[in-house]
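One line per chain: the protein sequences are U and B, in this order.
For what it's worth, the numbering used here labels the leading residue of the first sequence as 8, then goes sequentially.
For what it's worth, the numbering used here labels the leading residue of the second sequence as 8, then goes sequentially.
Even glycine gets a Cβ: it sits at the ideal position worked out from N, Cα and C.
Working notes, structure below.
There are 2 protein chains.
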Amino acid sequence: MQALTERQETILALIIHQYIDAAQPVGSKWLVDKYHLGVSPATVRNEMASMTEAGFLRQPHTSAGRIPTEKGYRFFVRSLLGETELPANEKRLISHQFHQARGDVDEWGRLAAAVLARHSRVASLVTTPHADRAIFKHLELINTRGNQVLMVLVLMGGDVRQQLLALTSTFEQAELSQTAQKLTNAAQNKSVKGVARLVEEFDGLAAEILLLVAGVMARVDGLAAGEVVRDGLTNFLGEPEFADTTSAREALRLFEERSFLDEVLAEVLEPASVGAVQVIIGGEGYWKELEKCSIVLARYGAPGLATGALGVLGPTRMAYGRTISAVRYVAGLMSDLVIESFEGQGTGRLAQ
Amino acid sequence: MQALTERQETILALIIHQYIDAAQPVGSKWLVDKYHLGVSPATVRNEMASMTEAGFLRQPHTSAGRIPTEKGYRFFVRSLLGETELPANEKRLISHQFHQARGDVDEWGRLAAAVLARHSRVASLVTTPHADRAIFKHLELINTRGNQVLMVLVLMGGDVRQQLLALTSTFEQAELSQTAQKLTNAAQNKSVKGVARLVEEFDGLAAEILLLVAGVMARVDGLAAGEVVRDGLTNFLGEPEFADTTSAREALRLFEERSFLDEVLAEVLEPASVGAVQVIIGGEGYWKELEKCSIVLARYGAPGLATGALGVLGPTRMAYGRTISAVRYVAGLMSDLVIESFEGQGTGRLAQ
DNA sequence: TTTAGCACTCTCGTGCAGAGAGTGCTAAAA
DNA sequence: TTTTAGCACTCTCTGCACGAGAGTGCTAAA
Numbered sequence: 008m009q010a011l012t013e014r015q016e017t018i019l020a021l022i023i024h025q026y027i028d029a030a031q032p033v034g035s036k037w038l039v040d041k042y043h044l045g046v047s048p049a050t051v052r053n054e055m056a057s058m059t060e061a062g063f064l065r066q067p068h069t070s071a072g073r074i075p076t077e078k079g080y081r082f083f084v085r086s087l088l089g090e091t092e093l094p095a096n097e098k099r100l101i102s103h104q105f106h107q108a109r110g111d112v113d114e115w116g117r118l119a120a121a122v123l124a125r126h127s128r129v130a131s132l133v134t135t136p137h138a139d140r141a142i143f144k145h146l147e148l149i150n151t152r153g154n155q156v157l158m159v160l161v162l163m164g165g166d167v168r169q170q171l172l173a174l175t176s177t178f179e180q181a182e183l184s185q186t187a188q189k190l191t192n193a194a195q196n197k198s199v200k201g202v203a204r205l206v207e208e209f210d211g212l213a214a215e216i217l218l219l220v221a222g223v224m225a226r227v228d229g230l231a232a233g234e235v236v237r238d239g240l241t242n243f244l245g246e247p248e249f250a251d252t253t254s255a256r257e258a259l260r261l262f263e264e265r266s267f268l269d270e271v272l273a274e275v276l277e278p279a280s281v282g283a284v285q286v287i288i289g290g291e292g293y294w295k296e297l298e299k300c301s302i303v304l305a306r307y308g309a310p311g312l313a314t315g316a317l318g319v320l321g322p323t324r325m326a327y328g329r330t331i332s333a334v335r336y337v338a339g340l341m342s343d344l345v346i347e348s349f350e351g352q353g354t355g356r357l358a359q
Numbered sequence: 008m009q010a011l012t013e014r015q016e017t018i019l020a021l022i023i024h025q026y027i028d029a030a031q032p033v034g035s036k037w038l039v040d041k042y043h044l045g046v047s048p049a050t051v052r053n054e055m056a057s058m059t060e061a062g063f064l065r066q067p068h069t070s071a072g073r074i075p076t077e078k079g080y081r082f083f084v085r086s087l088l089g090e091t092e093l094p095a096n097e098k099r100l101i102s103h104q105f106h107q108a109r110g111d112v113d114e115w116g117r118l119a120a121a122v123l124a125r126h127s128r129v130a131s132l133v134t135t136p137h138a139d140r141a142i143f144k145h146l147e148l149i150n151t152r153g154n155q156v157l158m159v160l161v162l163m164g165g166d167v168r169q170q171l172l173a174l175t176s177t178f179e180q181a182e183l184s185q186t187a188q189k190l191t192n193a194a195q196n197k198s199v200k201g202v203a204r205l206v207e208e209f210d211g212l213a214a215e216i217l218l219l220v221a222g223v224m225a226r227v228d229g230l231a232a233g234e235v236v237r238d239g240l241t242n243f244l245g246e247p248e249f250a251d252t253t254s255a256r257e258a259l260r261l262f263e264e265r266s267f268l269d270e271v272l273a274e275v276l277e278p279a280s281v282g283a284v285q286v287i288i289g290g291e292g293y294w295k296e297l298e299k300c301s302i303v304l305a306r307y308g309a310p311g312l313a314t315g316a317l318g319v320l321g322p323t324r325m326a327y328g329r330t331i332s333a334v335r336y337v338a339g340l341m342s343d344l345v346i347e348s349f350e351g352q353g354t355g356r357l358a359q
């Protein structure tokens, strides 16, 4: 790839800014008039032509202005955007909201999704924290009636699974509680394998329960992420690129589909990549359903203990600066929450 | 409202059927040709004119066919549709799916939403079971590290809330477990008030925890419904009435907004109305954002113990027969699951 | 009460012309 | 060598006219 001159970079950045703002091809004269470039439209045209040649820009048709290509966006995001940060007052506002919801574990994901949707102005997506491997933490057995028992299984990292069991005979709550406590002590901090091995050391009710616990844990082990919370779907439909409903549908289908999310997370986010913000522009030629879309996402949490992912999905024509900084900041806050709750100490971002 | 003749009812029903199918105004000649009515187009035209006069039909413009008005749809649903049922083989299929997911409480809502979306071909919405009033069932305290404690509170009806506590001093897990058990025994089956009253009987850690429990329960008490699961968003966008994105946005915004759901549930569904399927057509003049939409919904569960709501949101031009029967059937299955798990006996629909 | 006939109305697709915006190219200026 | 002015060219978009098609309402006859 040939390098761009400084002036070309300036022009590219201006075109991208302008196009993100107005969703219309940007012409040379217009650009010169608006930004007082100090050169003539003809000069700008020459530069544009050469960048079109190089693949950073394209023309929807012969006599229209230029719009950025995916390559253009990528170059912009990687080389021209620099490290962006949210304004301090917005940070304070968000931090304050998170601080208030600090204790309410169920609320974290929803809040993060809402904040992301508002600041990025596109659709957001947050998975709840989820341990990379299922580690037993706590078990509770609750008698409902007859031989139905509600089993509440708490795993390390905050996963809570409810499971309804139909036992072969009825038990008193006292007996169930005793069993649960016994098993909690025995299985504490064990993995799926550990719990499975434990089955042989017990018999009767305890063994029966342990087997089910191991089963549930095995299912959790296989999941790439926890619950998914979505927000800002309507932001999506406002964008002109989705004025024709079929493309909006394509994108929304992916957004809705759990399997796609799992695929992206597996493909893009190394489990250990907490902190780094990934930008996928136009599906990177890999997901053709995402031709018109970009994804900005990051992992958050405490690697090895519990992590989750969060990000946004929007048109390629996205305000990358604002979005990336929002994703980075919210991921940081979520990491703090997770770390604070499972390790007892955070980086202190929330405390400010 | 003047009564319709039998022939008028037939014609109205045919027009609605046809319009639901093709989304195009229905003309007199077309109708006679397709359904071999045995009368001439002119006769049908006369009937159409009189029903237009009476407000059951309307014309998009002078020389177009007729389409149903909201009043027409309402009359159709109330008087002409009759009791519809899903085909037996579809019922079997659905029942089988639910049977398989029987134990997995977390999965119920997702499954119901998926089934509804598939069968109604519009967007579906399911709230998880939720007790009308918060009743204490079980408490668990889990030491994480430092003075952070994860409190898992199980309420009657299946609500499980996680709350993170920062205690004033650190405690051993054994001590926490003991306290949790003590409190579980004392607060068993108590309401918010009961738990609040209990605070005075304890001191130290126990009292501190109880206060927080009462707080969480009070918050749950105020909620109209549990978690919301959505599905089938993309079905929505396929419909021609949402080809222009702004109307799709309107509808989707409502669909996404929790507060609107709460409002509808409060307004439309009496807590005791389990089993009855409600149909809201065109917002009933009350919600003007729903002008082009209809909602079909029902409450499910065990009244007084735990209930939830489920339903679909789609264009007024909706296959009411199929949708209503799907909603009714799924609501029945969900009721069975809830009743079975909290009362130990269902109506047996699942067992078949 | 029903029906045939007919004039009328409205939408939709197509073709066409003109305005507007922007480009590429060439030749002159810096 | 780089920049700029000038100009012809291309393409989209809008408005307009026109005809085909579909459906209606009305009138008068069966």
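Nearest candidate by alpha-carbon position, reference residue i, set the options
i        : options                                : result
B/Val161 : U/Thr151, U/Gly164, U/Ile331           : U/Thr151
B/Val345 : U/Gly289, U/Val46, U/Ala255, U/Gln155  : U/Gln155
B/Glu16  : B/Thr59, B/Leu172, B/Leu297, B/Gly318  : B/Thr59
U/Ala213 : U/Glu248, U/Arg324, U/Thr175, U/Gly79  : U/Thr175
U/Leu123 : U/Arg140, U/Asp111, U/Gln104           : U/Gln104
U/Leu297 : U/Val286, U/Ala305, U/Arg306           : U/Val286
U/Thr91  : U/Ser348, U/Ile331, U/Glu347           : U/Ile331
U/Glu274 : U/Trp294, U/Arg260, U/Arg81            : U/Trp294
B/Leu217 : B/Leu261, B/Ala108, B/Glu147, B/Gly165 : B/Glu147
B/Arg85  : B/Ala20, B/His145, B/Arg99             : B/Ala20
U/Ser301 : U/Ser127, U/Lys41, U/Ala10             : U/Ser127
B/Asp28  : B/Ser70, B/Glu13, B/Pro247             : B/Pro247
B/Val167 : B/Glu270, B/Gly211, B/Gly233, B/Arg109 : B/Gly233
U/Leu190 : U/Glu257, U/Glu215, U/Ala305           : U/Glu215
U/Lys197 : U/Phe82, U/Ala141, U/Gly164            : U/Ala141
U/His145 : U/Leu172, U/Gln107, U/Asn192, U/Arg204 : U/Asn192
B/Leu64  : B/Ser57, B/Pro75, B/Ser70, B/Ala56     : B/Pro75
B/Val303 : B/Pro310, B/Val46, B/Gly229, B/Tyr327  : B/Tyr327
Under 9 Å from the C-beta of residue i: neighbouring residues of chain U
i        : result
B/His363 : Here chain B comprises residues numbered 8 to 359, so residue 363 of chain B is not present and cannot be evaluated.
Contact list for residue i against chain U, beta-carbon separation under 8 Å
i        : result
B/Phe249 : Thr252
B/Arg140 : Simply none; closest approach about 17 Å.
Neighbour list for residue i in chain B, Cβ cutoff strictly below 8 Å
i        : result
U/Ala137 : The question names Ala, but residue 137 of chain U is His in the sequence shown. What U/His137 touches in chain B: nothing, since even the nearest Cβ is about 13 Å away.
U/Gly165 : Leu157, Gln169
U/Arg324 : None at all; the shortest Cβ gap to chain B is about 16 Å.
U/Arg128 : Under the 8 Å cutoff, chain B gives no residues; its nearest Cβ is about 14 Å from U/Arg128.
Cutoff 7 Å: residue i Cβ touching any chain U Cβ
i        : result
B/Thr50  : no
B/Arg260 : yes
B/Val337 : no
B/Arg256 : yes
B/Lys299 : no
Within chain B, the residues that residue i reaches when beta carbons sit closer than 7 Å
i        : result
U/Asp113 : Arg168, Gln169
U/Arg125 : Near U/Arg125 there are no residues of chain B at all, since even the closest Cβ is about 13 Å away, more than 7 Å.
Inter-residue CB distance, residue i and residue j (contact presumed, cutoff 8 Å)
i        : j        : result
B/Leu183 : B/Val319 : Not quite, the Cβ-Cβ distance comes to about 45 Å (not below 8 Å), so this is no contact.
U/Leu93  : U/Ala338 : That belief does not hold up - the Cβ atoms of U/Leu93 and U/Ala338 are roughly 12 Å apart, past 8 Å.
B/Leu276 : B/Ala316 : 6 Å
B/Thr323 : B/Gly289 : 5 Å
Under 7 Å from the C-beta of residue i: neighbouring residues of chain U
i        : result
B/Ile149 : Lys144, His145, Val161
B/Leu172 : Gly110
B/Thr241 : Arg256, Leu259, Arg260, Glu263
B/Leu244 : Thr252, Ala255, Arg256, Leu259
CB contact check: residue i to chain B, cutoff 7 Å
i        : result
U/Ala225 : no
U/Lys197 : no
U/Ala213 : no
Secondary structure, alpha helix (DSSP H): runs of 4+ residues fully inside the region 215-264 of chain B: 240-245, 252-263
Which runs of the beta strand (DSSP E), 3 residues or longer, sit entirely within the region 66-143 of chain U? 130-134
Curious, which full-length alpha helix (DSSP H) runs of at least 4 residues does the region 154-206 of chain B contain? 180-194, 199-205
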